[in-house]
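The sequence shown maps to residues 44 to 593 in the numbering used here.
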Amino acid sequence: MAAGEDRNASEPGPHTLTSWRLAVVIGSLCLGIFLFGLDTNIIGTAIPRITTEFHSLGDVSWYGSAYLLAVTVIQPLFGNFYKFFNVKKVYLISLLIFEVGSAICAATPSSGILILGRAVLGLGAAGLLQGALAIISNVVSLDQVPMYQGIVVSALGISVCIGPVLGGVLTQYATWRWCFLINIPLGVAVMGIVLLFVPLKQQGEQNTKNMHMTTIEKLRHMDTIGMILFSGAICCLLLVVTLGGNTYPWKSARCIGLFVTFGVLWIGFCFWLWWRGDVALIPLKVLRQRSIWTGALVLFGLGMASQIYAYYFPIFFQASQGVTTTQSGVRFIALVLPEIVAIGIIGWLVTTWGYYYSYLLAGLITASVGAGLLTMINISTGTVVWAAFMVITGIGIGMVQQIPYTAVQAVLDTTDVATGNAIAVFSSQLGGAIALAIAENLLISKLETSIPRYTSVVTAETVISVGASGLATLTDSPTVLHSLREAYSDSVRYTFILAVVGVAISILPACWMERVNIKRISEGRKSASDQKTQEGAGFAIVNNSEWLNV
Numbered sequence: 044m045a046a047g048e049d050r051n052a053s054e055p056g057p058h059t060l061t062s063w064r065l066a067v068v069i070g071s072l073c074l075g076i077f078l079f080g081l082d083t084n085i086i087g088t089a090i091p092r093i094t095t096e097f098h099s100l101g102d103v104s105w106y107g108s109a110y111l112l113a114v115t116v117i118q119p120l121f122g123n124f125y126k127f128f129n130v131k132k133v134y135l136i137s138l139l140i141f142e143v144g145s146a147i148c149a150a151t152p153s154s155g156i157l158i159l160g161r162a163v164l165g166l167g168a169a170g171l172l173q174g175a176l177a178i179i180s181n182v183v184s185l186d187q188v189p190m191y192q193g194i195v196v197s198a199l200g201i202s203v204c205i206g207p208v209l210g211g212v213l214t215q216y217a218t219w220r221w222c223f224l225i226n227i228p229l230g231v232a233v234m235g236i237v238l239l240f241v242p243l244k245q246q247g248e249q250n251t252k253n254m255h256m257t258t259i260e261k262l263r264h265m266d267t268i269g270m271i272l273f274s275g276a277i278c279c280l281l282l283v284v285t286l287g288g289n290t291y292p293w294k295s296a297r298c299i300g301l302f303v304t305f306g307v308l309w310i311g312f313c314f315w316l317w318w319r320g321d322v323a324l325i326p327l328k329v330l331r332q333r334s335i336w337t338g339a340l341v342l343f344g345l346g347m348a349s350q351i352y353a354y355y356f357p358i359f360f361q362a363s364q365g366v367t368t369t370q371s372g373v374r375f376i377a378l379v380l381p382e383i384v385a386i387g388i389i390g391w392l393v394t395t396w397g398y399y400y401s402y403l404l405a406g407l408i409t410a411s412v413g414a415g416l417l418t419m420i421n422i423s424t425g426t427v428v429w430a431a432f433m434v435i436t437g438i439g440i441g442m443v444q445q446i447p448y449t450a451v452q453a454v455l456d457t458t459d460v461a462t463g464n465a466i467a468v469f470s471s472q473l474g475g476a477i478a479l480a481i482a483e484n485l486l487i488s489k490l491e492t493s494i495p496r497y498t499s500v501v502t503a504e505t506v507i508s509v510g511a512s513g514l515a516t517l518t519d520s521p522t523v524l525h526s527l528r529e530a531y532s533d534s535v536r537y538t539f540i541l542a543v544v545g546v547a548i549s550i551l552p553a554c555w556m557e558r559v560n561i562k563r564i565s566e567g568r569k570s571a572s573d574q575k576t577q578e579g580a581g582f583a584i585v586n587n588s589e590w591l592n593v
């Protein structure tokens with residue numbers, strides 16, 4: 044590779060940003076993603092207190108699933124929004140909806156309203172990560188995308204690190220409602236920065252054409268029927284895994300009906316995609332790309348593991364080991380801090396060398412080892428041991444987290460990147476939503492069988508009703524309390540086993556991902572763009588010469 048070619052691949056284009064403007068834009072995107080991650084993770088340490096206040100341990104999965112359901116079902120639609128409408132405007136609307144959801148959650152008088160607020164939050168959050176990825180692809184050259192994606196995704200990791208600690212402090216020393224109130228001033232600040240500094244123009248000839256479509260043409264590409272079929276199918280799936288085995292038996296008419304409805308709607312959706320072709324909600328030409336569907340499956344598995352750890356480690360630490368909400372948040376840093384470091388290092392390496400496939404496999408192997416070790420921890424496991432297991436898992440997840448999004452940029456044309464991002468984010472959120480629903484079923488069912496084995500003084504129904512942070516209120520006997528903590532430890536372990544399953548199912552599709560070099564792809568696109576520009580200039584000179592001869 045010639046040195047001149049390498050420089051050309053990194054030269055800014057007409058719509059790319061440099062210097063302080065780029066720093067301000069990336070900073071604002073980091074703050075927006077920080078909010079997205081903070082809302083996802085800050086509630087984890089507050090959930091035990093919420094379940095005790097509202098007597099709602101049975102609603103734990105809904106606090107996560109309502110949010111993830113909204114985030115998940117709306118992803119393809121936001122993909123089209125970012126494809127056919129102005130990225131900056133769509134991003135600001137997403138932030139506004141996010142702020143409304145935060146206000147509802149902060150003022151909620153009941154568990155039901157909190158679930159509603161979480162759903163509204165999810166609708167707004169659905170556009171934040173996609174929007175950040177879309178803006179990055181419009182303000183930097185392709186070969187710089189992995190590094191800046193790594194910076195922005197690291198903000199997500201920082202929020203995961205700070206979220207549990209902040210949630211624990213606010214819950215313990217103020218009120219858990221501040222976990223949502225804090226979003227409002229930060230969100231307003233992000234909206235102001237984006238409004239002032241993010242450019243309205245978007246890169247790419249095709250993006251320009253999309254912006255100049257008529258409203259009717261844009262609405263046609265929204266694919267309303269496809270969206271209805273898709274949303275209905277995903278809602279039925281998440282409802283049945285949330286309600287089945289907990290609220291209703293798996294053999295009940297409601298669960299069977301939801302399964303059948305999901306199957307019918309999903310078959311209808313697949314047929315509709317084939318019928319609509321390139322104007323479908325999710326074009327088949329994008330889904331057929333090997334790196335897209337393999338990356339989606341990788342993110343699905345990682346989403347399962349990440350959400351389980353975010354929601355059930357606080358329960359393990361508070362209910363099983365008896366620590367405070369703040370202490371449980373501090374302990375969670377052992378998982379997320381290595382994840383942040385790994386994301387940053389891998390982003391830099393991919394930007395420097397261009398290859399990313401080897402890091403994907405190495406990260407998944409590391410994460411699977413760590414996740415397996417975490418299933419061995421219990422009430423008496425020492426700090427050094429469980430912290431070491433969490434560090435191994437965090438490093439593995441961090442090595443993999445960003446790579447599927449990098450693959451989207453590498454294998455898709457600019458016009459399809461928004462759709463690819465939507466598929467990636469959707470897969471991650473769907474995996475998390477399904478995992479949380481299954482994990483709650485596992486926790487409740489295992490508590491019902493574990494508690495009678497450890498003590499007969501307190502019933503399982505009583506333990507479940509007081510929530511994860513209320514065990515100490517049930518008995519004055521240290522022996523009985525210890526037995527209850529043992530029962531919780533055994534029960535939570537099954538959710539960690541589910542996390543192992545999530546990481547394991549990511550390995551096989553990862554082996555099928557295309558082995559490409561994003562730096563070479565960037566150079567090729569730059570050369571093609573330069574050649575097209577030169578041909579256009581030559582055509583203009585010829586036309587001018589002919590006009591002068593006439």
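No residue lacks a Cβ here, since even glycine has one placed at the ideal position from N, Cα and C.
Within its chain, find whatever has a CB closer than 6 Å to the CB of Leu455; leave out the 5 residues flanking it on each side and keep chain order.
Gly463
Short Cβ contact (7 Å threshold) for Ala478 with Met265
no
Straight-line Cα distance separating Gly397 from Gly415:
31 Å
Assign Gly390 to one of two classes, buried (16 or more other C-beta atoms within 10 Å of its C-beta) or exposed (fewer than that).
buried
Using three-state DSSP, classify Asn560 as helix, strand or coil.
strand
Considering only the beta carbon of each residue, do Ile140 and Leu172 sit closer than 7 Å?
no
When you compare each of Ile117, Trp105, Pro189, Ser99 to Thr395 by their alpha carbons, which one comes out closest?
Pro189
Inside the stretch 484-565 only - alpha helix (DSSP H) runs reaching at least 4 residues:
503-509, 521-554
Among Asp519, Thr492, Ile201, whose alpha-carbon lies nearest the alpha-carbon of Ile507?
Thr492
Quick one: what's got a C-beta closer than 8 Å to Ser520's C-beta in the same chain, skipping five residues either side?
Val500
What's the gap between the Cα of Asn421 and the Cα of Gln364?
9 Å
Is it the case that the Cβ atoms of Ala168 and Leu224 are separated by a distance below 7 Å?
no
Distance between Trp293 and Glu529 (C-alpha atoms, nearest Å)
28 Å
Out of curiosity, what's the CA-to-CA distance linking Leu176 and Ile93?
33 Å
Among Phe124, Leu514, Asp82, the one whose alpha carbon lies nearest that of Ala465:
Phe124
Under the rule that 16 or more other beta-carbon atoms within 10 Å means buried, what is Val460, buried or exposed?
buried
Candidates Val329, Phe360, Tyr531, Val428: which alpha carbon is nearest Ala450's?
Val329
Just to confirm, are Ala511 and Leu490 a CB contact at a threshold of 7 Å?
no
With a threshold of 8 Å, are at least 3 pairs of Cβ atoms found where one atom belongs to the stretch 217-232 and the other to the stretch 370-388?
no
Does the stretch 432-444 touch the stretch 301-318, meaning 3 or more C-beta pairs lie closer than 8 Å?
no
DSSP three-state call for Tyr291: helix, strand or coil?
strand
Who are the near neighbours of Phe539 in its chain, counting only those whose CB is closer than 6 Å to its CB and skipping five residues on each side?
Leu417, Thr418
Could you check how far apart the C-beta atoms of Thr552 and Leu403 are, in whole angstroms? I think they sit under 8 Å.
According to the sequence displayed, residue 552 carries Pro and not Thr. Incorrect: roughly 10 Å between the Cβ atoms, too far for contact.
Inspect the CB distances between the stretch 267-284 and the stretch 228-238 and report whether three or more fall short of 8 Å.
no
By DSSP, does Gln249 sit in helix, in strand, or in coil?
With a pLDDT of 47 at Gln249, under the threshold of 50, the modelled position of this residue cannot be trusted, and the question is left open.
Between Gly439, Leu342, Tyr355, Arg496, which lies nearest to Gln472 when the distance is taken from Cα to Cα?
Leu342
May I ask you to report which of helix, strand or coil DSSP gives Tyr399?
coil
Buried or exposed: which applies to Ser180, given that a residue is buried once 16 or more other Cβ atoms fall within 10 Å of its Cβ?
buried
Note down the Cα distance separating Thr337 from Ser401, rounded to an integer number of angstroms.
15 Å
Rounded C-beta distance between Ser153 and Phe77? I'm assuming under 8 Å.
Wrong, their Cβ atoms sit about 29 Å apart, outside the cutoff.
Kindly indicate which three-state DSSP category Phe343 falls into: helix, strand or coil?
helix
For Ala453 and Ile205, what's the separation of their Cα atoms in angstroms?
32 Å
Suppose contacts are defined by Cβ-Cβ distances below 7 Å. Is Leu89 in contact with Arg161 by that definition?
One point to set straight first is that residue 89 is Ala, not Leu, in the sequence displayed. No.
Please work out which residues of its chain come closer than 8 Å, Cβ to Cβ, to Val143, disregarding the five sequence neighbours upstream and downstream, and give them in chain order.
Val163, Gly167
With 16 other CB atoms within 10 Å as the buried threshold, where does Thr120 fall?
Note on residue identity: the sequence assigns Leu, not Thr, to residue 120. Buried: at least 16 other Cβ atoms inside 10 Å.
What does a CB cutoff of less than 7 Å around Ser295 pick up in its chain, not counting 5 residues either side in sequence?
none
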